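Going line by line, the protein sequences match chains U and V.
Per my numbering, the first sequence starts with residue 1, numbered consecutively.
Per my numbering, the second sequence starts with residue 1, numbered consecutively.
A virtual CB, placed ideally from N, CA and C, is assigned to each residue, including glycine.
Given the structure is predicted, the values throughout are model-derived calculations rather than measurements.
A short write-up of the structure that comes next.
There are 2 protein chains.
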Amino acid sequence: MTIHNNSASVSFEALTAFIARAFVSVGIPADDSQKIARLMACADLQGSDGHGVIRLPQYVKRILAGGINKRPNIQAHSTASAVAVVDGDNGMGHLVVSQAVELAIEKARTQGVAWVGTRRSNHAGPASLYATMPVQHDMIGLYFAVGNANHLPPWGGMDMLLSTNPIAAGIPAGQENPIVLDMATTVAAYGKVKAKAKAGQMMPEGWMIDRQGKPLLDPKRSEEGFLLPIGGYKGYGLALIVGILAGTLQGAAMGKDVIDFNKDHVTPTNTGQAILVLNLAAFGGVNVFKNAIDTLISDIKGSQRLPNVERIWLPGEQSHARRLDYAKHGIPIAAGVLNELAALSRELGIPALID
Amino acid sequence: MTIHNNSASVSFEALTAFIARAFVSVGIPADDSQKIARLMACADLQGSDGHGVIRLPQYVKRILAGGINKRPNIQAHSTASAVAVVDGDNGMGHLVVSQAVELAIEKARTQGVAWVGTRRSNHAGPASLYATMPVQHDMIGLYFAVGNANHLPPWGGMDMLLSTNPIAAGIPAGQENPIVLDMATTVAAYGKVKAKAKAGQMMPEGWMIDRQGKPLLDPKRSEEGFLLPIGGYKGYGLALIVGILAGTLQGAAMGKDVIDFNKDHVTPTNTGQAILVLNLAAFGGVNVFKNAIDTLISDIKGSQRLPNVERIWLPGEQSHARRLDYAKHGIPIAAGVLNELAALSRELGIPALID
Chain U
1 MTIHNNSASV SFEALTAFIA RAFVSVGIPA DDSQKIARLM ACADLQGSDG
51 HGVIRLPQYV KRILAGGINK RPNIQAHSTA SAVAVVDGDN GMGHLVVSQA
101 VELAIEKART QGVAWVGTRR SNHAGPASLY ATMPVQHDMI GLYFAVGNAN
151 HLPPWGGMDM LLSTNPIAAG IPAGQENPIV LDMATTVAAY GKVKAKAKAG
201 QMMPEGWMID RQGKPLLDPK RSEEGFLLPI GGYKGYGLAL IVGILAGTLQ
251 GAAMGKDVID FNKDHVTPTN TGQAILVLNL AAFGGVNVFK NAIDTLISDI
301 KGSQRLPNVE RIWLPGEQSH ARRLDYAKHG IPIAAGVLNE LAALSRELGI
351 PALID
Chain V
1 MTIHNNSASV SFEALTAFIA RAFVSVGIPA DDSQKIARLM ACADLQGSDG
51 HGVIRLPQYV KRILAGGINK RPNIQAHSTA SAVAVVDGDN GMGHLVVSQA
101 VELAIEKART QGVAWVGTRR SNHAGPASLY ATMPVQHDMI GLYFAVGNAN
151 HLPPWGGMDM LLSTNPIAAG IPAGQENPIV LDMATTVAAY GKVKAKAKAG
201 QMMPEGWMID RQGKPLLDPK RSEEGFLLPI GGYKGYGLAL IVGILAGTLQ
251 GAAMGKDVID FNKDHVTPTN TGQAILVLNL AAFGGVNVFK NAIDTLISDI
301 KGSQRLPNVE RIWLPGEQSH ARRLDYAKHG IPIAAGVLNE LAALSRELGI
351 PALID
C-alpha cells in the first residue's frame, strides 16, 4: 500500500482521465463518464477543491450502493416557450444540470430569457461551473441549487430544514474576465467546517452555533450545532427562497425531504437545481453591456483601499488566476485525498492517479 | 404653525388621499398621483415606513426642482418574447416599475417566465411591493433594484461604488400567507442609520466601518464611513450582481454613474430595476406548489426553537401582521414626520394630513 505523505500536482488531463476511468469501472457509459470527469476536474482546476475529485469516493460509493441511476433517461418537459423542467431520472447531477443549462441557452437565444430547472437530479459540483456556461454565448447565467444535506435551521430554530443553498452568477465582460459569483447562503459552507476538522483547527466565531445559541468553535463538534446564515435572518430568508426556486418549484426535494447524502447512499436525493439565462442580445447591445462591465471592473479595481489591503478582487478573479496557474503547473492534490484515491483505484482495479 | 409632539394614527385612505393631493398640487396628473400615493401608503401600511410617506417631502422637492418628468412617456421596448426594457422617461419610479411588473406578468402568462427591466426610472419605494404583485396571479416575483445613493465600497475598498441594492421575492402559498423576502445586501439599510441618528442612538458593531476599517458606531458620523455588506465579501458580490442585473443590463446607472438623490435633486437618476416573473402554471401544477409551500411554512413554524426564542417567523410574516393591525387601528406616523408633512401641506397649499 502506497502512503502519500505529501501532496502532489497532476495535470488537468491526467485528473480527468483518472476520474473517467473510475466512473467507467462502475458502469457509467464512457461518454457520460468523460463529461462528468471533465466537470469535476474543472472544479479542481479553479480551486473549488471541495467539489472536485475529493467527491469521487463518495460518488462511487453511492453508485455501487445503487443510489444513482447509471443509465438515466434524462428528459426535458417544456410547458411554455421560455421554461422547462428537466427530469434527471436520478442520474449523476453533472449530466442533468449540463443538459438543463444547454436547453436554457437555446431557449434564451430566441426568447431573450429562459428558466430551466431540474428534479430527480443529484449533487453536481460547484455552482459556478453552470452559471458560467452561458457566458461564452454572450449570456448571463444565474444558478440556484438545493444543497445535499441540511445544516441550517430557520432563524431562531433548531430543526435543520435548510441547506447552504448556493447562488451563482456568470456575467460576460469585454476585455476583462467574466465576473463569477459563487456563494453559499451560510457564512461557511459545510465543506469548510470539514476541512477545519481535518486540519485540527478551530473555527472562527460566526460560522456555527450550538443548541444553546452559543458560538461553536470546535469543528469536531459540528454535529452538535448549526451553520449560521449570512447577515442573520437575511441569509435565512435567502436560503429559503433559493431552495424554493431550485427545489419546490420543480417538484424537487426541499425542507424535510432533503436527503443527507453524506449519511444515506441509497435513497434517491431528488435534488433540484435551476438556471436562469439572460441573452444580452435582447437588451440593446452586447458590446454596450460588455464595455459597461469593463468600466465597472476597472473602477472597482482602481478603488482607494482600506489600510493593509493590497488589492481589490472581483468575484471569480481568484478562481481565474488559479485556473491559469494550475493549467501551467498542475493541480495540487492534498496528501489525504491522494491516499483516498489510491485506495479507490485499488478497490476499482483501475490504474492509480499517481504511480 | 402646529407642532406635533406626538405620533398619530391615520387611515390608509386618508394617507393615500393626502399623498395624492400633494402630487396633484405639483403637477402630476390625477391618475398617476393616485397610483403613486396608493403604493406609498401601502409601504406605510406594512411598516416599511422608511419608504412610505416619509419620502414625500424629498419627492416633492425633486419634482419642484425639475428632477422628475411629471408627464413621462413611459415606453416598453421588447426585442424578444419573454424580455422587455421599460424606458421610464424620468417619471416617478412607482409608475415605471408598476408598468414593468404588469408587462412581465402578461409575458409570463404565455412564455412561462419573463424578465422586464427599467431604465430612466426613479426611486420606487420598497422592493416587496413589486415582488408581490405577481403573487395574486399565481406567479413568483423576484425583484432587483439599484439603490439611489452609493454607501458601499467594494470589499477592501473605500470608493463608494455600490448601493444597498436590494433583492425581493414574493412566493405564493395556499392556506398560508405568501412568503415575502425584501432585503438590502448590506447589514443595515441606510435608512436605518438615519433613524438611529434621529433617535440619538449608537449603531451596533457590524453596521458600518470608518476609513481605517474600524467599527463606526456614531450614526452622526456616518458620512465618514461605509456600510458593511452581509457576509463580508459575499454581500459585496451580491450587491454587485444585483446592480448589474437591475442597472447595467438595461442601460441604467450603476457604479460611478449612480446619482445620490439625497444631495442632488435635479440630475435625472437613470435608476434601474428589474423584475423576474415565474408562472407556476408552467411548472407542473399551481396547487402542488402551493401545498408544498404550505407544508414548508408549517415545518418551519413548528421547528424546535433556540433558548429564549418565542416564535419563528417566515419572511414577510411581520409585515403581514402589521398590515392587518394598521388597517384596523390606523397607520402610526411619527411626530417628526407629522411636522414635516404639516410644513409641506402649508408650502403646497393643500389640506393637512391631520388637522
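- [ ] Identify the continuous alpha helix (DSSP H) that holds U:M203 and give its terminal residues.
- [x] Indexing the first sequence from 1 puts residue 203 of chain U at position 203. Run containing U:M203: none; DSSP gives neither H nor E here.
Paired residues, beta bridge with U:R305 - DSSP
On the first sequence, residue 305 of chain U is found 305 positions in, with the first residue counted as 1. The partner list for U:R305 (beta bridge, DSSP) reads V:G157.
Using a Cβ-Cβ distance under 9 Å, would V:M1 count as near chain U? Taking the second sequence and counting its residues from 1, the one referred to as residue 1 of chain V is at position 1. With a pLDDT of 43 at V:M1, under the threshold of 50, the predicted position of this residue should be treated as unreliable, and no value is reported.
- prompt: Is the region 301 to 310 of chain U close to the region 208 to 224 of chain V, with three or more CB pairs under 8 Å?
  reply: yes
Practice problem: Verify whether the separation of the beta carbon atoms of U:S9 and U:I331 is less than 9 Å. | Solution: For the purposes of this step, residue 9 of chain U is taken as residue 9 along the first sequence, with counting starting at 1. For the purposes of this step, residue 331 of chain U is taken as residue 331 along the first sequence, with counting starting at 1. Cβ distance < 9 Å, so U:S9 and U:I331 count as in contact.
**Prompt:** Which residue comes first and which comes last in the alpha helix (DSSP H) that contains U:N339?
**Reply:** Working through the first sequence from its first residue, we reach residue 339 of chain U at position 339. A335 to L348 is the extent of the alpha helix (DSSP H) around U:N339.
Residues bridged to U:A121 (per DSSP): Position 121 of the first sequence, counted from the start, is the residue given in the question as residue 121 of chain U. The residue asked about is misnamed: residue 121 of chain U is Ser in this sequence, not Ala. Answer by DSSP bridge pairing, in chain order: U:T271.
- Using a Cβ-Cβ distance under 9 Å, would U:K220 count as near chain V? Within the first sequence, the letter at position 220 stands for residue 220 of chain U. No, its Cβ sits nowhere closer than 9 Å to a Cβ of chain V.
Checklist entry - Which full runs of the beta strand (DSSP E) of 3+ residues lie inside the region 212 to 282 of chain V, going along the chain? => result 225 to 227 and 273 to 279
| message | In this structure, how does DSSP classify U:V193 when only helix, strand and coil are distinguished? | response | On the first sequence, position 193 is the one that residue 193 of chain U refers to. Helix.
| Close beta carbons around U:A114, own chain, < 6 Å, minus the five adjacent residues each side | Stepping through the first sequence from its first residue, residue 114 of chain U is reached at position 114. The residues are A82, A104, K107, A108 and V277.
- Item | Check whether V:M160 and V:I230 have beta carbons under 9 Å apart | One-based indexing of the second sequence puts residue 160 of chain V at position 160. One-based indexing of the second sequence puts residue 230 of chain V at position 230. Not a contact, by the Cβ cut-off of 9 Å.
| Presumed contact (8 Å Cβ cut-off) between V:A169 and U:I241, rounded CB distance | As a position in the second sequence, residue 169 of chain V is number 169, starting the count at 1. As a position in the first sequence, residue 241 of chain U is number 241, starting the count at 1. Indeed they touch by this definition, with Cβ atoms about 5 Å apart.
Practice task
Tell me whether U:S222 counts as near the ligand COA, meaning its Cβ is closer than 8 Å to at least one heavy atom of that ligand.
Solution key: The ligand COA is absent from the structure shown, which contains no ligand whatsoever.
Which residue comes first and which comes last in the beta strand (DSSP E) that contains V:S78? Here residue 78 of chain V is taken as the residue at index 78 of the second sequence, counted from 1. Taken as a continuous stretch (DSSP letters only), the beta strand (DSSP E) holding V:S78 covers Q75 to A80.
_I'd like to know if the region 71 to 88 of chain V and the region 44 to 60 of chain U are in contact, where contact means that at least 3 CB-CB pairs between them fall below 8 Å._
no
- Message: Does U:V116 pass the burial test, meaning 16 or more other C-beta atoms within 10 Å, or should it be called exposed?
- Response: Walking along the first sequence from the start, residue 116 of chain U turns up at place 116. Result: buried.
Per-residue contacts from V:A169 into chain U (C-beta, under 7 Å):
Here residue 169 of chain V refers to the residue found at position 169 of the second sequence. Near V:A169 (Cβ distances below 7 Å), the residues of chain U are I241.
| request: May I have the straight-line CA-CA distance separating V:G93 from V:K192, to the nearest angstrom? | output: For the purposes of this step, residue 93 of chain V is taken as the residue at position 93 of the second sequence. For the purposes of this step, residue 192 of chain V is taken as the residue at position 192 of the second sequence. Taking the straight line from one Cα to the other gives about 22 Å.
**Report entry** Per DSSP, the bridge partner or partners of V:V180
**Finding:** The residue you call residue 180 of chain V lines up with position 180 of the second sequence. Answer by DSSP bridge pairing, in chain order: V:G170.
ask   = Can you tell which of U:G200, U:L314 and U:D44 has its C-alpha closest to the C-alpha of U:G125?
value = Locating residue 125 of chain U in the first sequence gives position 125, where the first residue counts as 1. The option with the nearest alpha carbon to U:G125 is U:D44.
query: In this structure, does DSSP put U:M1 in helix, strand or coil?
result: Numbered from 1 along the first sequence, position 1 holds the residue referred to as residue 1 of chain U. Residue placement at U:M1 cannot be trusted, given a pLDDT of 43 that sits under 50; what the coordinates show is reported in the next sentence. Note: U:M1 maps to coil in three-state DSSP.
message = Taking CB distances under 9 Å as the criterion, tell me whether V:K234 reaches chain U.
response = Taking the first residue of the second sequence as 1, we reach residue 234 of chain V at position 234. Closer than 9 Å to some Cβ of chain U, the Cβ of V:K234 qualifies, so yes.
Alpha carbons only, please: which of U:C42, U:N6, U:L15 and U:G27 is nearest the one belonging to U:R322? Residue mapping note: residue 322 of chain U aligns to position 322 of the first sequence, counting from 1. That would be U:C42, whose Cα lies nearest to the Cα of U:R322.
query: Once you ignore the five residues that flank U:A84 on each side, which residues in its own chain have a CB closer than 6 Å to its CB?
result: As a first step, residue 84 of chain U must be located in the first sequence, where it is residue number 84. Excluding residues within five positions, the ones whose Cβ falls inside 6 Å are A76, S78, L103 and V116.
Is the beta carbon of V:I297 sitting closer than 9 Å to the one on V:L314? Numbered from its first residue, the second sequence carries residue 297 of chain V at position 297. Numbered from its first residue, the second sequence carries residue 314 of chain V at position 314. Contact flag set, yes.
query = With which residues is V:P332 paired in a DSSP beta bridge?
reply = If you number the second sequence from 1, residue 332 of chain V lands on position 332. Answer by DSSP bridge pairing, in chain order: V:S9.
Can you tell me which of V:T16, V:S25, V:T267 and V:V26 puts its alpha carbon nearest to the alpha carbon of V:K35?
Residue mapping note: residue 35 of chain V aligns to position 35 of the second sequence, counting from 1. Ranking the options by Cα distance to V:K35, first place goes to V:T16.
Notebook entry, point to check: U:G349: which of U:L95, U:F12, U:F23 and U:S33 sits nearest, CA to CA?
Noted result: Reading the first sequence from its first residue, position 349 is the one you call residue 349 of chain U. For U:G349, the nearest C-alpha among the options comes from U:F23.
Exercise. Of the residues U:V146, U:S121 and U:Y59, which one's Cα is nearest the Cα of U:I74?
Worked result: Stepping through the first sequence from its first residue, residue 74 of chain U is reached at position 74. The residue with the shortest Cα to Cα distance from U:I74 is U:S121.
ask   = What in chain U is Cβ-close to V:Q250, meaning under 9 Å?
value = Locating residue 250 of chain V in the second sequence gives position 250, counting from the first residue. Ordered by position in chain U, the residues that pass the 9 Å Cβ test against V:Q250 are F283 and G284.
ask   = Counting contacts by CB-CB distance shorter than 9 Å, is V:A76 in contact with chain U?
value = Translated into the one-based positions of the second sequence, residue 76 of chain V becomes position 76. Not one chain U Cβ lies under 9 Å of V:A76.
- Query: Can you find a CB in chain U that lies within less than 9 Å of the CB of V:N177?
  - Reply: What you label residue 177 of chain V is simply residue 177 of the second sequence in a count that begins at 1. Answer no: the Cβ-Cβ gap between V:N177 and chain U never drops below 9 Å.
Requested in this report: Following the continuous beta strand (DSSP E) through V:M139, name the residue where it begins and the one where it ends.
Outcome: Indexing the second sequence from 1 puts residue 139 of chain V at position 139. Counting along the chain, the beta strand (DSSP E) containing V:M139 begins and ends at M139 to A145.
- So which residues on chain U does V:Q318 lean against when the C-beta distance must stay under 9 Å? Here residue 318 of chain V is taken as the residue at index 318 of the second sequence, counted from 1. What V:Q318 touches in chain U: nothing, since even the nearest Cβ is about 10 Å away.
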